[in-house]
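Below: one structure, written as structure tokens.
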Amino acid sequence: MGDSIRIPAVDFLHHILPPLHPRIDTAKIVSVLKQGGKGSRNAITSKGRWRGFAQEPATNNRHRSRTFERLQDVVQAISKATGLKEVRTTVAFQNNYNGGLGLCHRERNFETLPDAYLLLRSTLGHGVKWMDIAVSGEYETGLSTSDDREEHEVVVHFFASFLYATHEQLGWDPTMSVSTDGLEDSQYDITVRSETGEKTVYRTLNLLSYLGSEKICDGGTRVWKVVRLKHGEMAGDPVILKDCWVDGDAPREGCIFHEIRGMDLPEQIQNPLVDALLTVECYGDVVIGGDDSDAPLDHTIRLRTGSAQENPPGCDLTAIQILSHCRFKVHHRIVFKEVCQPIHNLTSFQDRFKVLGEACIALKALHHSGWVHRDISSGNILVDSTGCAKLGDLEYAKRVDDESAPEFRVGTRKFMAVEVDSQKYGFRPLPDPPSKPTESDSSVDMDAFDHISSSKSDFTVPPPPKRPPREPEVPFRYNPLHDFESLWWLVTYFVFKMEGIYDSQITSLPNRPLDLLQKQRRCAHMLSYSRMERDQTINHYWYPTFEDGIRSLDSSVKPFGMVLLKWRHKIVGAYSQAEEDPKAIPIVSLVLRDLYDEFARDLLAMSNRLAGKTILTQQPNIPIPAVAQASDSKKRKRDARVDEKDEGPPAFTAKLGKKAKTRHTRLVVSHDGPAARTRSRTKGTTR
1 MGDSIRIPAV DFLHHILPPL HPRIDTAKIV SVLKQGGKGS RNAITSKGRW
51 RGFAQEPATN NRHRSRTFER LQDVVQAISK ATGLKEVRTT VAFQNNYNGG
101 LGLCHRERNF ETLPDAYLLL RSTLGHGVKW MDIAVSGEYE TGLSTSDDRE
151 EHEVVVHFFA SFLYATHEQL GWDPTMSVST DGLEDSQYDI TVRSETGEKT
201 VYRTLNLLSY LGSEKICDGG TRVWKVVRLK HGEMAGDPVI LKDCWVDGDA
251 PREGCIFHEI RGMDLPEQIQ NPLVDALLTV ECYGDVVIGG DDSDAPLDHT
301 IRLRTGSAQE NPPGCDLTAI QILSHCRFKV HHRIVFKEVC QPIHNLTSFQ
351 DRFKVLGEAC IALKALHHSG WVHRDISSGN ILVDSTGCAK LGDLEYAKRV
401 DDESAPEFRV GTRKFMAVEV DSQKYGFRPL PDPPSKPTES DSSVDMDAFD
451 HISSSKSDFT VPPPPKRPPR EPEVPFRYNP LHDFESLWWL VTYFVFKMEG
501 IYDSQITSLP NRPLDLLQKQ RRCAHMLSYS RMERDQTINH YWYPTFEDGI
551 RSLDSSVKPF GMVLLKWRHK IVGAYSQAEE DPKAIPIVSL VLRDLYDEFA
601 RDLLAMSNRL AGKTILTQQP NIPIPAVAQA SDSKKRKRDA RVDEKDEGPP
651 AFTAKLGKKA KTRHTRLVVS HDGPAARTRS RTKGTTR
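Per full-length UniProt numbering, the sequence shown starts with residue 1, numbered consecutively.
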């Protein structure tokens, strides 16, 4: 089941499902179903079985779609037994015998389609669309240990809660509506309710990002380019709307932007900081119902797992592990005036390093204002229409001295500081070794050996020395040096993407030794996805892995790698200096004081070195040479944009042998100079 959790049915019914209609009594409905009515047989037989299920489904040899087809009759009987004749049901139960062409999708097959679903009644007769399905279901046998003959009320409660639920209770958002407006692709009208209660409607132009929105447990963030609506007509310049789920007890991103902008800072800090921040047009939580009394309620289950010896009844270990890390989420929207793109969307490496240099100066200003970003990544360093760097996604930003909430791991793992990933300091000085024993302590009383053979010996082993009291552990706190390290990881990520730098005027590109190319790609992969390799790169910097990766770079890229080595040494030195006192929380303002400007100068120098150059990179979704990528042909390919986030990496499972087959690997030529051309090169890979 993966990360799915199992909880008692009663908790699922009362905390997860929509509330029952106030006039529904499940016990009374079960009684009616057992008695039957005029001209109809009882839905629950005298043997306690649902009519149509005289035989256990697990022992039925028919296809599961035919085994469970009578479930539709059960749902209809439950609806009739409620006695709510004047109340129309919101959804209708339908079996999906063969998948149905209306549900087919180019990225799905019939095995992924639901066996049954609860469909909006208002859409019946107009074909079946995914957007009209309230609940989809799959028929399975043998998974339950309970006896359905003893749980009639559970079945009644389950279906009755959906049948009479409102659209909002079923998950439809009344603040978001479809508006095609004559366009080929559907667009949406989205209402943003500000903190003051003012409502503004925006119409989407195109979807810019939807990372994490397809997962059940994720931030569910979607970003659109939108235009404001006035009297139903689009007016004004395009802006950016971010729709996401945020921690309910955390400050809202718009509030953080306003607080930082409103700080009274010296001009040399204020100006670069304000220039690097986005301008918030409006923001607010999504409120369903219309007034403040409808504020979302926190139903998150809090578990005290520290002293728990056994799992709660009906709840497995997975449930405890997951729920202990659950945080109450709130639906939130924020609108920014600037239309930007993330740095990983830039095609020019020259522009990328220029923007990184500007971002370094922006971080300096942010840190000097007393704040840390906590999520520096390729998706959160933005570029506006003028090519200038912006710091985006301040959702997790906080004051350096804020100790009001416990620290927890945030950020994008491939760019996350190693200490943040482990949630502990890595450069504390080692404790002093035990003092050397004196001569008297180490001498042996030889007379004691005379009593060994004597039964009257009263020789006893002396008690062990008392252990000195343990020093209280200093709590781990995120500090500006962690942001600085994340920026270094981002620079490292882009440097290892460059597989060759050449003058744009050359007519042919030299062939590079395949073993070095394989080594570079493997190292780049491990630095992004292997926690052990990342830990060794920083905390155990004497390990040769990172240096070996630098040596594998093409000679034209190697100078950039030497800059990475230089700055890794400086970062490690800064950590060691900041963490000299094992009893104090590190103060990094002094150790970082001169590093920002120097790092920014190096990044801008790297950018200038790429002027008029042609950069070779590997095309996304092309297998790494000498590496077999574990995949399933039935599953869809990864979206190229997902590669920029912390998604699961392809596995390394095989090495290239003498009889290994080859296929074409396309190299992409990024053009930082005036010339533009591409070429393909054949590389050996395993299939």
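All residues carry an ideal CB built from backbone N, CA and C; glycine is no exception.
As assigned by DSSP and simplified to three states, the class of residue i
i           : result
Val355      : helix
residue 688 : Nothing about residue 688 can be reported from this structure: the residues present for the chain run from 1 to 687 only.
Tyr202      : strand
Pro464      : coil
Ala250      : coil
Thr617      : strand
Leu487      : helix
Trp567      : helix
Gln520      : helix
Glu267      : helix
residue 721 : Nothing about residue 721 can be reported from this structure: the residues present for the chain run from 1 to 687 only.
Met131      : helix
Ala58       : helix
Asn345      : helix
Phe611      : Per the sequence shown, the amino acid found at residue 611 is Ala instead of Phe. In the structure shown, Ala611 sits in coil (DSSP, three-state: anything other than H, G, I, E or B).
Glu598      : helix
Lys230      : strand
Cys255      : helix
Gly500      : strand
Gln94       : strand
Tyr164      : coil
Beta-bridge partners of residue i, as assigned by DSSP
i      : result
Arg41  : Per DSSP, none; premise fails for Arg41.
Lys80  : DSSP lists no partner for Lys80.
Ala389 : Val383
Arg222 : Asp243
Met176 : Ile190
Val372 : Lys398
Tyr283 : Ile334
Straight-line gap, residue i to residue j (C-alpha atoms, nearest Å)
i           : j      : result
Gln505      : Leu430 : 55 angstroms
Gly387      : His373 : 21 angstroms
Cys244      : His331 : 6 angstroms
Ala574      : Lys424 : 16 angstroms
Pro8        : His152 : 15 angstroms
Phe328      : Ala397 : 18 angstroms
Val30       : Gly127 : 33 angstroms
Gly284      : Ala276 : 23 angstroms
Glu419      : Val335 : 33 angstroms
residue 689 : Val201 : As shown, the chain starts at 1 and ends at 687. That puts residue 689 outside it, with no answer to give.
Ala27       : Ser161 : 14 angstroms
Asp264      : Phe349 : 36 angstroms
Leu553      : Lys364 : 30 angstroms
Phe476      : Gln618 : 39 angstroms
Lys566      : Leu229 : 52 angstroms
Thr59       : Ala134 : 30 angstroms
Ser486      : His258 : 25 angstroms
Met176      : Trp224 : 13 angstroms
Gly549      : Val491 : 15 angstroms
Ala611      : Trp488 : 22 angstroms
Cys523      : Thr545 : 8 angstroms
Trp542      : Arg512 : 28 angstroms
Buried versus exposed call for residue i [16 or more other C-beta atoms within 10 Å across all chains shown]
i      : result
His540 : exposed
Ile615 : buried
Trp50  : buried
Lys129 : exposed
Ala417 : buried
Glu484 : The amino acid at residue 484 is misidentified as Glu; the sequence shows Phe. Buried, since its Cβ has 16 or more Cβ neighbours within 10 Å.
Asn206 : exposed
Asn96  : buried
Arg534 : buried
Leu517 : buried
Gln55  : exposed
Gln520 : buried
Ser377 : buried
Trp371 : buried
heavy atom of the ligand NAD below 7 angstroms from residue i C-beta
i     : result
His21 : Among the components modelled here there is no ligand, and therefore nothing to report on the ligand NAD.
Cutoff 8 angstroms: residue i Cβ touching any chain C Cβ
i      : result
Val330 : Annotation note: the requested chain C is absent from the structure, which comprises a single protein chain.
Original post:
Is it a yes or a no for the segment 339–356 touching the segment 370–387, going by three-plus beta-carbon pairs under 8 angstroms?
Top reply: yes
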